[in-house]
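In our numbering, each number is its position in the sequence shown, counted from 1, plus 5.
Using N, Cα and C, we set each Cβ at its ideal position, and we do this for glycine too.
Some notes on the structure that comes next.
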Amino acid sequence: MKTVDFELAGRTYHLLLNGAALFDAYDRFGDKGDLTDHIAGTNRDSFDNTVWLLVKLCQQGEAWRRHNGEEPQPMLSAEAALLFLGPLDVIRARAAIREAYALGFEREAPSEEEEIDLGLLELQKKTEPVSPDPSGSASRHNFFAFLFGRQ
Numbered sequence: 006m007k008t009v010d011f012e013l014a015g016r017t018y019h020l021l022l023n024g025a026a027l028f029d030a031y032d033r034f035g036d037k038g039d040l041t042d043h044i045a046g047t048n049r050d051s052f053d054n055t056v057w058l059l060v061k062l063c064q065q066g067e068a069w070r071r072h073n074g075e076e077p078q079p080m081l082s083a084e085a086a087l088l089f090l091g092p093l094d095v096i097r098a099r100a101a102i103r104e105a106y107a108l109g110f111e112r113e114a115p116s117e118e119e120e121i122d123l124g125l126l127e128l129q130k131k132t133e134p135v136s137p138d139p140s141g142s143a144s145r146h147n148f149f150a151f152l153f154g155r156q
């Protein structure tokens, strides 16, 4: 999973759109249309939605970091976001939310090393057809070895 760094009031927060954040957002906004439509605009609702999504994605990002053994950092609260978000910070927050949203739906392609299926390789080795010897000498050798008890 990939996070998006967002700095606010001297702290770096890490936004993450995971399943929990997505379905919480669906519960709040519904599942029709694009989730980022709710943060567009210049009215109080779009600002409140920006704060809510920012806090939700930051909380999920911090929870993910802690789960992976990283040093715990403070969680962003709605109160702190309302207090510290300036007009230009709102624009940056919306950009970070959009980026986290895009990364959340991005397919993580496995690297070339991960694409090797060892089980499939082993099966292919077992089922590969033996190429026939065009001269037939190998089969004649095997036949005579069998007759005379030599391998």
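Cβ atoms of residue j and residue i: under 8 Å apart, would you say?
i     : j      : result
Ala30 : Lys61  : yes
Trp11 : Leu20  : The sequence shown places Phe at residue 11, rather than the Trp named in the question. The answer is yes: Cβ separation under 8 Å.
Leu58 : Gly109 : no
Arg99 : Thr47  : no
Leu13 : Asp94  : yes
Arg71 : Pro77  : yes
Val9  : Glu111 : no
Gln65 : Ala25  : yes
Counting along the chain, where does the beta strand (DSSP E) carrying residue i start and finish?
i     : result
Asp10 : 9 to 13
His19 : 16 to 20
Would you please state the rounded distance, in angstroms, between the beta carbons of residue i and residue j? I believe it to be under 8 Å.
i     : j     : result
Leu81 : Tyr18 : 5 Å
Just to confirm the assignment, what range does the alpha helix (DSSP H) spanning residue i have?
i      : result
Gly66  : 49 to 72
Pro77  : Pro77 -> no alpha helix (DSSP H), and no H or E assigned at all.
Glu104 : 92 to 110
Ala25  : 24 to 34
Whose C-alpha, out of the options, is nearest the C-alpha of residue i?
i      : options                    : result
Leu88  : Gly74, Phe52, Gln64        : Phe52
Tyr106 : His43, Ala85, Glu84        : His43
Arg49  : Gly74, Pro92, Gly66        : Pro92
Glu67  : Lys130, Gln129, Arg16      : Arg16
Ala45  : Ala86, Ile96, Arg33, Lys37 : Ile96
Cys63  : Asn73, Glu75, Ala83, Gly74 : Ala83
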